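Undergrad: Sequences listed follow chains Z and Y, in order.
Counting from 103, one number per residue, gives the positions in the first sequence under the working numbering.
Counting from 834, one number per residue, gives the positions in the second sequence under the working numbering.
Every residue, glycine too, gets a C-beta built ideally from N, C-alpha and C.
Note that the structure is a prediction, hence the values are computed from the model and not measured.
After the C-alpha cells below, expect a handful of questions from me.
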Amino acid sequence: MSTLVLDHVSRWYGNVVAANDVTMTIGPGVTGLLGPNGAGKSTLIAMMGGFLAPSAGTVTLDGTPVWRHPGIYRTIGLVPETEAMYDMVTGWQFVVANARLQHLPDAEGAALAALETVDMTDAKDRDISTYSKGMKQRVKMAIALVHDPSVLLLDEPFNGMDPRQRLHLMDLLRRLGEQGRTVLFSSHILEEVEEIAGTIEVLVAGRHAASGDFRRIRRLMTERPHKYTISSSDDRRLAAAIIADGSADTVDLTSGSLAVQAPDLGVFVHALPRLARDSGIRLLDVSPADESLESVFAYLVAR
Amino acid sequence: MIFVVMHLTVRGLLGRRRAVLFVLLPLLLLLMAGLVRWASGGDPQSTVKLTNEFSVGTLLPLMCLLIGTGVIGTEIDDGSIVYLLAKPVPRRTILWSKLIVAWGATLVFAVLPIIAAVEIAGDEGTRLGWAYGVTATLAALAYTAVFVALSVVTRNVVIIGLLYALLWETVLGGYVPGVRNVSIRQWALAAAENMLGDRAPVWGVTSDVSLTAALVLLAATTIGAIVLAVRRLQTLPLTTRD
C-alpha cells in the first residue's frame, strides 16, 4: 500500500503556469486524473514520476521525495505517453531487459508473467517496430508491471486503443486497483474515467478544480444549464411552446435559429419532441451548443 | 546492470538507418587513401596531408558526432530514454554504459579505419600508423565525451556539433592561430608530433600546443564533459509540455 502526496505543487515554464498550487493525496485504488487537453495533466504526472522538478511544493511517495530519488522506481511503475520504444529489439527482449534493470532475481519469469497479464505472449518474439499502437501500449503495461509495483502511473493510456483493447485495459486497471495498488491514470474523456475510477481529480488550466467521488462530479456536470441550438419548420411557434411548457428558462430567436437554455437536461430532452409533435412542428436539427469538455470544466471551475 | 544498458545501446546504435554511415564513411576514407597512394607512390607527406585534413580533421569528429548522439541523443529526442531512467539504477551507470559503447564504436568505425588508411596511403614502417593511432584515439575519447554531453544538454546537438567540428576546428583553426590552442584536434596532434620526433617537421605533423598541456587539456575536457553529462542526466526533465 502506497500513497502519493502532492503538497502545494506548482510548475511554471517561464511565464506559463502548467500546474498551479495543486494539493492532492492519491491512495490505493484507481484514481482518474481528468482534464481537457492542455490542463497540465502530463506535467503533473511527470512530477509524480520524478521526471520534472516542481517549481514550488513537494511530491512525496510514502514520505520520500520523488525528485532525484531513482530508488522510488522499485515502487512505481510508469506507462509514459510517448510512443517511441526500442524498435530494434523484440517485445520479449525489451521486457526482460526492463526486468533486469529492476534487479529482479528471476527476470525472465517476471517478464513472462507480465506479458501474460497483458495478453501479449503470442507476439512477444516479434520486433517492436512491427507492433500496432495497441500492442505497444500493452508492452508498455507489461514493462510497468514487471516488478510488481504498488504504484502505477499511466499517462493517457487509452489513447489510440480500439474498443476491445480499451475494455481489456479497463478491466486490468480495475483488478490492479482491487489488489490494493495505487493506480493513477490521466484522460480527457469523462466516460473512461467514470467507468473505472473510484476517485476523480479534475484539473483545469493547471488548477485542481474538483476532487472526489465520480457520482458527485457527474452530478455537478449534468446539473449545469444546457444550451441547445434548434432549427425547425416554425422556430417562432416552437419557442412559444417551449417557454409555455416551462422546460427551458431562456429562448432566443435573434441569431436566426432558435437557441434554448434548459436547467435540467433530462426534462428538456423528453419535453422537446412531445412539444414539437403536439404543435405540428417538424424538428430539423437539434444540437448541443456548448457540450465541449472545456466548457463543462470551465463551468466546474466557476462554481 | 551496465551490460543490459550497453546491450540495448548497441542494438539502438546499429539498428537505426544511420548505421549505414558507420560503414560508408570509413569506406570512403579507405578509397581516398588508395587514390593518394596511387597518385603519390606512398610518400609519407601525402599521407600526413590526407590524415590531418580529412581523417582526423573531418571524418573523426563527424563519426564521433554521429555515434555520440546515436547512443543517447536520439533516445532523449523521441522520449524512449524514459524506460532507462524509470529504473532504480544510478544515472551515472546509465551514462557510463552509453559512453563505453560510444567509445568502442568510434574505435572500431573511426580509429581503426584511420590507421588502415595511413598504411594504405603510405607509411615509413608503421611510424605514422602508430602516431596517428594514438592521436585518433585521444581525439575520439574527447570528441565522443563532448558530443555525448552535448546530447544530454541540448536538443540542437547536431547543429552545434557540426559548427564546432567543421567551422571552429577546420575553417577558423586554419585562419586564426589562437583558435588552434582551443582545439581537440590540435591537442591530440601533439601526441603524434611528439612520437614522430625529428620526422614530424619534415612530414608536416605539427601542433600549436605542448604535449603536457595537450594531455592535461584533453583529460580535463573529457572528464568535464562526463561530469556535466551525469549531472544533467540526473535532472533531465522528461515531459511533453501539454
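Against chain Y, does Z/Q204 count as a neighbour if the rule is that its beta carbon must be under 8 Å from one of theirs?
TA: Walking along the first sequence from the start, residue 204 of chain Z turns up at place 102. Yes, because at least one Cβ of chain Y sits closer than 8 Å to the Cβ of Z/Q204.
Undergrad: Is Y/I909 near Y/L917, with beta carbons less than 8 Å apart?
TA: By 1-based counting over the second sequence, the position of residue 909 of chain Y is 76. By 1-based counting over the second sequence, the position of residue 917 of chain Y is 84. Not a contact, by the Cβ cut-off of 8 Å.
Undergrad: Counting only runs of 4+ residues fully inside the stretch 899-963 of chain Y, write out the alpha helix (DSSP H) ranges in chain order.
TA: For the stretch 899-963 of chain Y, the continuous alpha helix (DSSP H) assignments of 4+ residues that do not extend past its boundaries occur at 907-911, 915-918, 924-939, 945-954, in sequence order.
Undergrad: Among Z/S231, Z/F287, Z/L340, Z/H205, which has the Cα closest to the Cα of Z/W194?
TA: For the purposes of this step, residue 194 of chain Z is taken as the residue at position 92 of the first sequence. It is Z/S231 whose Cα lies nearest to the Cα of Z/W194.
Undergrad: Once you ignore the five residues that flank Z/L308 on each side, which residues in its own chain have a CB closer than 6 Å to its CB?
TA: For the purposes of this step, residue 308 of chain Z is taken as the residue at position 206 of the first sequence. Reading the sequence as shown, one finds Gly at residue 308 of chain Z and not Leu. If we look at Z/G308 and ignore the five residues flanking it on each side, its Cβ neighbours are V119, A120, A121, N122, G142.
Undergrad: In terms of residues, what are the limits of the alpha helix (DSSP H) holding Z/R202?
TA: Along the first sequence, one-based indexing puts residue 202 of chain Z at 100. 193-203 is the span of the alpha helix (DSSP H), which, as asked, contains Z/R202.
Undergrad: With DSSP run on the structure shown, which of helix, strand or coil describes Z/E176?
TA: Within the first sequence, numbered from 1, the residue matching residue 176 of chain Z stands at position 74. Per the sequence shown, the amino acid found at residue 176 of chain Z is Arg instead of Glu. Correct three-state label for Z/R176: helix.
Undergrad: Counting pairs of beta carbons, one from the stretch 954-963 of chain Y and one from the stretch 1011-1021 of chain Y, are three or more of them closer than 8 Å?
TA: no
Undergrad: Could one say the Cβ of Y/D1075 lies closer than 8 Å to chain Z's Cβ atoms, at least one of them?
TA: Taking the first residue of the second sequence as position 1, residue 1075 of chain Y is located at position 242. Because Y/D1075 sits at a pLDDT of 49, beneath the cut-off of 50, its placement in the model cannot be relied upon, and the point is left open.
Undergrad: In the DSSP assignment, the beta strand (DSSP E) including Z/A361 goes from what residue to what residue?
TA: Stepping through the first sequence from its first residue, residue 361 of chain Z is reached at position 259. Run containing Z/A361: 360-364, per the beta strand (DSSP E) assignment.
Undergrad: Rounded to the nearest angstrom, what separates Z/A311 and Z/I291 at their Cα positions?
TA: Position 209 of the first sequence, counted from the first residue, corresponds to residue 311 of chain Z. Position 189 of the first sequence, counted from the first residue, corresponds to residue 291 of chain Z. Approximately 16 Å between the Cα atoms of the pair.
Undergrad: Would Y/D956 pass as an interface residue toward chain Z - the criterion being a Cβ-Cβ separation below 8 Å?
TA: Position 123 of the second sequence, counting from 1, holds the residue named residue 956 of chain Y. Not an interface residue.
Undergrad: If we ignore side chains and look at the alpha-carbon of each, how far apart do Y/S873 and Y/S879 end up?
TA: Here residue 873 of chain Y refers to the residue found at position 40 when the second sequence is read from its first residue. Here residue 879 of chain Y refers to the residue found at position 46 when the second sequence is read from its first residue. If you take the alpha carbons of Y/S873 and Y/S879, they lie about 7 Å apart.
Undergrad: Which one or two residues does DSSP pair with Z/V253 in a beta bridge?
TA: On the first sequence, position 151 is the one that residue 253 of chain Z refers to. For Z/V253, which the question treats as bridged, DSSP gives the partners Z/I178, Z/T284.
Undergrad: Kindly list the residues whose CB is nearer than 7 Å to the CB of Y/R951, restricted to its own chain and excluding five residues on each side of it in sequence; keep chain order.
TA: For the purposes of this step, residue 951 of chain Y is taken as the residue at position 118 of the second sequence. A small fix is needed here, since residue 951 of chain Y is Val in this sequence, not Arg. These residues qualify, in order along the chain: T880, T884, L961, G962, Y965.
Undergrad: Just to check my reading of the structure: Z/G314 and Z/P130 have Cβ atoms closer than 8 Å, yes? What is that Cβ distance to the nearest angstrom?
TA: Numbered from 1 along the first sequence, position 212 holds the residue referred to as residue 314 of chain Z. Numbered from 1 along the first sequence, position 28 holds the residue referred to as residue 130 of chain Z. Contact doesn't hold; Cβ gap of about 16 Å is too wide.
Undergrad: Identify the contact partners of Z/F153 in chain Y, using a Cβ-Cβ distance below 9 Å as the criterion.
TA: As a position in the first sequence, residue 153 of chain Z is number 51, starting the count at 1. In chain order: V915, L918, A919, L1069, P1070, L1071, T1072.
Undergrad: Do Y/A972 and Y/V889 have their C-beta atoms closer together than 8 Å?
TA: By 1-based counting over the second sequence, the position of residue 972 of chain Y is 139. By 1-based counting over the second sequence, the position of residue 889 of chain Y is 56. For Y/A972 and Y/V889, yes; Cβs fall inside 8 Å.
Undergrad: Out of curiosity, what's the CA-to-CA distance linking Z/L377 and Z/A343?
TA: Against the first sequence, residue 377 of chain Z aligns to sequence position 275. Against the first sequence, residue 343 of chain Z aligns to sequence position 241. Cα to Cα, Z/L377 sits roughly 7 Å from Z/A343.
Undergrad: Should Z/H110 be labelled buried (16 or more other beta-carbon atoms within 10 Å of its own) or exposed?
TA: As a working mapping, residue 110 of chain Z is identified with position 8 in the first sequence. Counting Cβ neighbours within 10 Å, Z/H110 comes out exposed, since fewer than 16 surround it.
Undergrad: From the DSSP secondary-structure annotation, give me the bridge partner or partners of Z/S334.
TA: Against the first sequence, residue 334 of chain Z aligns to sequence position 232. Per DSSP, Z/L385.
Undergrad: Run down chain Z in chain order and give the residues with a C-beta less than 8 Å from the C-beta of Y/R924.
TA: As a first step, residue 924 of chain Y is located in the second sequence; it is residue number 91 there, counting from the start. Those within 8 Å of Y/R924 in chain Z are P172.
Undergrad: Measure the C-alpha to C-alpha separation of Y/W1020 and Z/H249 and round it to an integer number of angstroms.
TA: The residue labelled residue 1020 of chain Y in the question sits at position 187 within the second sequence. The residue labelled residue 249 of chain Z in the question sits at position 147 within the first sequence. Roughly 48 Å separates the two Cα atoms.
Undergrad: Output the distance between the C-alpha atoms of Y/S1040 and Z/E258, rounded to the nearest integer angstrom.
TA: Taking the second sequence and counting its residues from 1, the one referred to as residue 1040 of chain Y is at position 207. Taking the first sequence and counting its residues from 1, the one referred to as residue 258 of chain Z is at position 156. Spanning the two alpha carbons is a distance of roughly 57 Å.
Undergrad: Tell me the rounded alpha-carbon separation between Z/Y175 and Z/D354.
TA: Here residue 175 of chain Z refers to the residue found at position 73 of the first sequence. Here residue 354 of chain Z refers to the residue found at position 252 of the first sequence. One C-alpha to the other measures close to 57 Å.
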